[in-house]
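*Asks:*
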Amino acid sequence: MNNLAWIQDQIPKVFSIVFLTLRETLRKRIVYFIFIISALFLFLNFTCQIQVGGKDQSGNPDFQIYVVFLFFAFWNTVLALFLPVSLLGEELENKTYIPILSRPVSSLTYIGGKSLGVLLLVFANGVFLIGTYLVKQWIGGEVFSWDLLKACFTMFSVFYFLILFGFVSVLSFGKNAAFFGGIALLVFSTFLDLFIYESVAANMIQTSDFKKQVLEAIYWILPQEGTVFFFSGSLLAKSLSQVHYYGEYSLIQIGIWIVLCFGFVKVVLDRKEL
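Residue numbering for the sequence shown follows full-length UniProt numbering, beginning at 1 and increasing consecutively.
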């Protein structure tokens, strides 16, 4: 079977696994919890005043948009961290992956379908949150925020990486290590970005030039999730986040890590002889 025929054979199987994954994710209580939280956030955002330092920020569109973006980034990150660990962890424990993989489905097709299924649910939450907010802007006669759409779109590279990283970690180390490992990597990469490229944070920590060079080398090797987040924030409000000139590079670097994760998954699954 040539490559084109193999791809044509695998595409329907990818969609089947995506559909099955969506059904599985909709059984998770955290999904409904986050959708309810998103709805409550939108309701409060539409009806309540926001005060910072005693000043009303309700009339400040830049501040409101940035708050919406932070909410979007946080809760979708929670979904991207939790769902792949929960789904694949249960399948490994219950051996429910055997009926699927007893068919001629490659390991890349299997993990690609599952990761896209989780990503679609993350996307649905994003559409609900951002779409509702932008419709409210349009109805209220406010300026439609294309910057908000661009900022949210760039974050999906981080979400998809976290999903794939969760699958790799579950297969290699188990559920608990995968979940906390994903959180640790996210926090550490964000800290490195703050330490190296945010001057205010860097000035708060005194260290030798050698240690800083070591940290910078680690920063350039690890997936730059923090840089993508701050780069996305700078698209909305440059006064609230420094402009990250390496933001475009970080998107490419995250893309490379996504490809590497597929390679790691294939190696791990082949060794497990699933």
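Using N, Cα and C, we set each Cβ at its ideal position, and we do this for glycine too.
1. For tyrosine 133, which residues of its own chain have a beta-carbon under 7 Å away from its beta-carbon, when the five flanking residues on both sides are left out?
2. List the endpoints of the continuous alpha helix (DSSP H) containing valine 105.
3. State the CB to CB distance for the pair isoleucine 258 and tyrosine 160, rounded to an integer number of angstroms; the pair is presumed to be in contact (CB under 8 Å).
4. Taking the alpha helix (DSSP H) that leucine 222 belongs to, which residues open and close that run?
5. Hey, how far is the Cα of glycine 117 from the Cα of leucine 26?
6. DSSP three-state call for serine 145: helix, strand or coil?
7. Give the DSSP-derived three-state secondary structure of arginine 23 in the structure shown.
8. Using C-beta distances below 8 Å, list every residue in its chain close to alanine 5, excluding the 5 sequence neighbours before and after it, in chain order.
9. Applying the 10 Å Cβ sphere with the 16-neighbour rule, what's the burial state of asparagine 125?
10. For the stretch 81–88 against the stretch 161–171, do three or more pairs of beta-carbon atoms, one drawn from each stretch, fall closer than 8 Å, so that the two count as touching?
11. Run the CB neighbour count on glycine 181, radius 10 Å, all protein chains shown included, and call it buried at 16 or more, exposed below.
12. Using C-beta distances below 6 Å, list every residue in its chain close to glutamate 21, excluding the 5 sequence neighbours before and after it, in chain order.
13. Measuring straight from C-alpha to C-alpha, what distance separates isoleucine 163 and isoleucine 183?
14. Just to check my reading of the structure: aspartate 147 and leucine 236 have Cβ atoms closer than 8 Å, yes? What is that Cβ distance to the nearest angstrom?
15. Would you say serine 189 and glutamine 213 are within 9 Å of each other, going by their C-beta atoms?
16. Please look up how many angstroms separate the CB atoms of valine 122 and leucine 81, rounded, as I've assumed it's under 8 Å.
17. Tell me the rounded alpha-carbon separation between glutamine 64 and valine 268.
18. Would you call the CB atoms of alanine 178 and glycine 89 closer than 9 Å?
19. In this structure, how does DSSP classify glycine 140 when only helix, strand and coil are distinguished?
20. Comparing C-alpha positions only, which one of Leu251, Ser232, Cys261 sits nearest to phenylalanine 72?
*Replies:* Based on what the coordinates show:
1. In the sequence shown, the residue the question calls residue 133 occupies position 133. Excluding residues within five positions, the ones whose Cβ falls inside 7 Å are Leu42, Val68.
2. Start at 1 with the first residue of the sequence shown, and residue 105 comes out as number 105. Segment: none, valine 105 is in no alpha helix (DSSP H) and carries neither H nor E.
3. As a first step, residue 258 is located in the sequence shown; it is residue number 258 there, counting from the start. As a first step, residue 160 is located in the sequence shown; it is residue number 160 there, counting from the start. With a Cβ gap of about 6 Å, isoleucine 258 and tyrosine 160 count as contacting.
4. Along the sequence shown, read from residue 1 onward, the residue named residue 222 stands at position 222. Note, leucine 222: premise wrong, no alpha helix (DSSP H); not H, not E.
5. Start at 1 with the first residue of the sequence shown, and residue 117 comes out as number 117. Start at 1 with the first residue of the sequence shown, and residue 26 comes out as number 26. Using only the alpha carbons, I get a separation of about 11 Å.
6. Reading the sequence shown from its first residue, position 145 is the one you call residue 145. Three-state result, serine 145: coil.
7. Residue mapping note: residue 23 aligns to position 23 of the sequence shown, counting from 1. Of the three classes helix, strand and coil, the one that applies to arginine 23 here is helix, per DSSP.
8. For the purposes of this step, residue 5 is taken as residue 5 along the sequence shown, with counting starting at 1. Nothing meets the Cβ criterion.
9. Within the sequence shown, residue 125 is the residue found at index 125, counting from 1. Looking at its Cβ environment, which holds 16 or more other Cβ atoms inside 10 Å, asparagine 125 is buried.
10. yes
11. Position 181 of the sequence shown holds residue 181. It counts as buried.
12. Your numbering for residue 21 matches position 21 in the sequence shown. Before going further, note that residue 21 is threonine rather than glutamate in the sequence given. Within the same chain, threonine 21 has close Cβ partners Lys114, Gly117.
13. In the sequence shown, counting from the first residue as 1, residue 163 sits at position 163. In the sequence shown, counting from the first residue as 1, residue 183 sits at position 183. Computed Cα separation, rounded: 12 Å.
14. If you number the sequence shown from 1, residue 147 lands on position 147. If you number the sequence shown from 1, residue 236 lands on position 236. At roughly 5 Å, the Cβ-Cβ gap stays under 8 Å, so aspartate 147 and leucine 236 are in contact.
15. Taking the sequence shown and counting its residues from 1, one reaches residue 189 at position 189. Taking the sequence shown and counting its residues from 1, one reaches residue 213 at position 213. The answer is no: Cβ separation not under 9 Å.
16. Your numbering for residue 122 matches position 122 in the sequence shown. Your numbering for residue 81 matches position 81 in the sequence shown. That belief does not hold up - the Cβ atoms of valine 122 and leucine 81 are roughly 11 Å apart, past 8 Å.
17. For this step, residue 64 is matched to residue 64 along the sequence shown. For this step, residue 268 is matched to residue 268 along the sequence shown. About 44 Å.
18. Here the question's residue 178 lines up with position 178 in the sequence shown. Here the question's residue 89 lines up with position 89 in the sequence shown. Contact flag set, yes.
19. One-based indexing of the sequence shown puts residue 140 at position 140. Coil at glycine 140, not helix or strand.
20. As a working note, residue 72 is residue 72 in the sequence shown. Nearest option by C-alpha distance: Ser232.
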